[in-house]
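In full-length UniProt numbering, the protein residues as written are 1 to 469. Every residue, glycine too, gets a C-beta built ideally from N, C-alpha and C. Here is the structure we will look at, set down as structure tokens.
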Amino acid sequence: MEFILFLIILTSILVYYYVRKYKNRDLNTVAFFHPDCLSGGGGERVLWVCISSLIKYSKVNVIVYCDQKSVTTTDSSIILEKVKDMFGIEIVTHRLTITPIHFASILKASNYPVCTLLFQTLASILVSFNVIITFLKNRPNVIIDTSGYSVIILSLKFFSGMKSIQYVHYPFITDIMIGQSKSCENSYNHSKFVSSSSILRQCKHVYLNLLYRLYSISYNCSLCIFANGTWTYQHLKKILHPLHSNLKILYPPVPAQTFISKSKKMNNESFNVIYVAQFRLEKNHLCVLEAWSFFIKKFQNKFTKELCLKLVGGAKIEHHFKILRVLKEKCIELNISKSVQFLVNLDHIDFVNVLISSNVSIHAMKEEHFGIGIVESMAAGVPVIAHNSGGPKLDIICENQNKNDICGKLAVQPEEYAECLFNYYHMNNSQLDVIISNARNKSLKFDDNIFIRNFIQNINDIFNIGIQL
């Protein structure tokens, strides 16, 4: 054991001195670290809008460090074609390099059913050595992390002195998690097995506190940190050192103008409700199914239209498909299978068509950091019901709406969602038009163009890489 520890320390020292000695960097190259660059989620859309803006408004070369298992090719033209299919983002360039990182798949949370954050952190340290070796070949001037693995950024800072920016969608660890570790409260990241044992709760509380301190150092090592909304900003503010002044809110890009320009396809013979979310536990699909069941059973004699709930989302790994199977079994249990559709891994065009033909859009994740799907629905003219917490409450719909500015509804319990659905079902066109108009105006606050302008101005202010608007 002592010999292995000695080898690790010796290797670290050799890597440190080697990288520092040959650390001349290409000042015209910006790198992004995002293992699952083609997963199709909101985080991936942020990545590709950032890349698109740099390619369009500057002459820098761009490198994407990604998991070798998440891409089947390093041909950038093929990758960009997939990006276009997923997000409708068209990037034409020869200045993009896709660099696979070996073993990056060990970063996935699904690999670790217990002590997930601890093992992900250890995995980050291992993967960072691979990134450092790759760095010796590419030598970018700046690295931007858009995936949340800030320990890797800390390692790069230590070994190479590389400048970095972090775009944080969701803090890796928060004081809420630490608070849950002391309580008996169950959640998707605090199992009943742990919450039922005082010893296990105490052990988890100790290791979460240690991780909290490590991630405080990791976040503080970057020159600038972008929080994707007020909720994330408030939590990062607690983690960061008081003297770290370069923490800013940069709302994620949403193609609001594009959705607003789409013609709304209303079907007066049916009432279509859509929930757009990847099939993961924290997305709280069970709440939506229970709400739908309440809605149908409580008001079953008051419907004159055909009812349909459409669950739209991505499923990439076995864990996602397992959740899908559980949800379908729940539909059978609640006797709602005939009115529920599962639309999995739709391309961008099909997704847009399903969205603009919907009557209501639901969102159910507790403490969602932002909620891109909510803004897309608002821009598309689809009235929304969102969870009364996190970003939807603080940034998008907001809890204390002026009566004349109502742009959506908030709910927590399934019964509340059912009541909101019933209210929307019985609204007349003039009432809906007011909400839709307000929602579309609000969605413009988060449009792609706003994000691009703020992103490239901040990047240029920090690194002076010759960006021209």
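| query | result |
| --- | --- |
| Measuring alpha carbon to alpha carbon, tell me which of A364, N130, A277 and G408 ends up nearest G381. | G408 |
| Using the Cα positions of Y22 and K310, report the straight-line distance between them to the nearest angstrom. | Caution is warranted here: a pLDDT of 48 is assigned to Y22, below 50, making its placement in the model unreliable, and the coordinate value is therefore given only provisionally. Y22 and K310: Cα-Cα distance of roughly 55 Å. |
| Looking at the secondary structure, which residues open and close the alpha helix (DSSP H) in which C287 lies? | H285 to K298 |
| Can you tell which of S164, I336, L307 and I98 has its C-alpha closest to the C-alpha of T134? | I98 |
| With DSSP run on the structure shown, which of helix, strand or coil describes D175? | helix |
| Could you spell out the range, first to last residue, of the alpha helix (DSSP H) harbouring residue 497? | Given a span of 1 to 469 for the chain in the structure shown, any question on residue 497 remains unanswerable. |
| Could you pull out every residue in the same chain whose Cβ sits closer than 7 Å to the Cβ of R440, ignoring the five residues on either side in sequence? | I260, M378, A379 and G381 |
| Would you mind listing the alpha helix (DSSP H) stretches within the stretch 69-109 that are 4+ residues and don't spill past its ends, in chain order? | 76-87 |
| If you check the beta carbons only, do T72 and L214 fall under 8 Å apart? | no |
| Leaving out the 5 sequence neighbours to the left and right, which residues in its chain are closer than 7 Å to F87 when beta-carbon positions are compared? | R45, W48 and H348 |
| Across which residues does DSSP place Q166 in a beta bridge pair? | D145 and I225 |
| Note down the Cα distance separating P140 from V30, rounded to an integer number of angstroms. | 6 Å |
| Please report how far the alpha carbon of N61 lies from the alpha carbon of I51, in whole angstroms. | 10 Å |
| When the Cα atoms are used, what is the spatial distance from V151 to F295? | 45 Å |
| Is it the case that the Cβ atoms of F103 and L117 are separated by a distance below 8 Å? | no |
| Can you name, in chain order, every residue of its own chain whose Cβ lies under 8 Å from the Cβ of L250, other than the five neighbours on each side? | Y167, F226, A227, N228, F451, N454, F455 and N458 |
| If you run the structure through DSSP and keep just helix, strand and coil, what is D36? | coil |
| Is the beta carbon of residue 474 sitting closer than 8 Å to the one on Y149? | Within the shown structure, residues of the chain are numbered from 1 to 469, placing residue 474 beyond reach of any answer. |
| Pop quiz: D448 and P255 are said to be a contact at Cβ under 8 Å. What is the actual Cβ separation, rounded to whole angstroms? | 5 Å |
| Using alpha carbons as the reference points, say which of K204, E416 and C287 lies closest to M177. | K204 |
| Contact between the stretch 216-223 and the stretch 360-374: three or more CB pairs below 8 Å? | no |
| Per DSSP, which residues does N272 bridge with? Please list them. | C308 |
| In three-state DSSP terms, what is I249? | strand |
| Here's a check: name, in chain order, each residue in its chain whose Cβ is nearer than 6 Å to the Cβ of S389, leaving out the five neighbours to either side. | K366 and E367 |
| Skipping 5 residues on each side, what residues in its chain have a beta carbon closer than 6 Å to that of L307? | F271 and S339 |
| Taking three-plus beta-carbon pairs below 8 Å as touching, is the stretch 78-96 in contact with the stretch 153-171? | no |
| Would you kindly work out how many angstroms separate the C-alpha atoms of S70 and C37, rounded to a whole number? | 7 Å |
| Reducing DSSP to helix, strand and coil, say where H363 ends up. | coil |
| Suppose you measure from the CA of I396 to the CA of Q234; what does that come to, to the nearest Å? | 16 Å |
| Does R280 pass the burial test, meaning 16 or more other C-beta atoms within 10 Å, or should it be called exposed? | buried |
| So, is P392 buried or exposed, given that buried needs 16 or more other C-beta atoms within 10 angstroms? | buried |
| Count the other CB atoms within 10 Å of the CB of G179; is the residue buried (16 or more) or exposed (fewer)? | exposed |
| So, with DSSP's three-state summary, where would you put Y22? | Since pLDDT at Y22 reaches only 48, below the 50 mark, its modelled position is unreliable, and no value is offered. |
| Short of 8 Å in beta carbon distance, which residues of its chain neighbour residue 475, apart from the five on each side in sequence? Order them along the chain. | Outside the displayed span of the chain (1 to 469) sits residue 475, for which this structure offers no information. |
| Report yes if the C-beta distance between L154 and I217 is below 8 Å; otherwise report no. | yes |
| Taking the beta strand (DSSP E) that K409 falls in, what are its first and last residues? | K409 to A411 |
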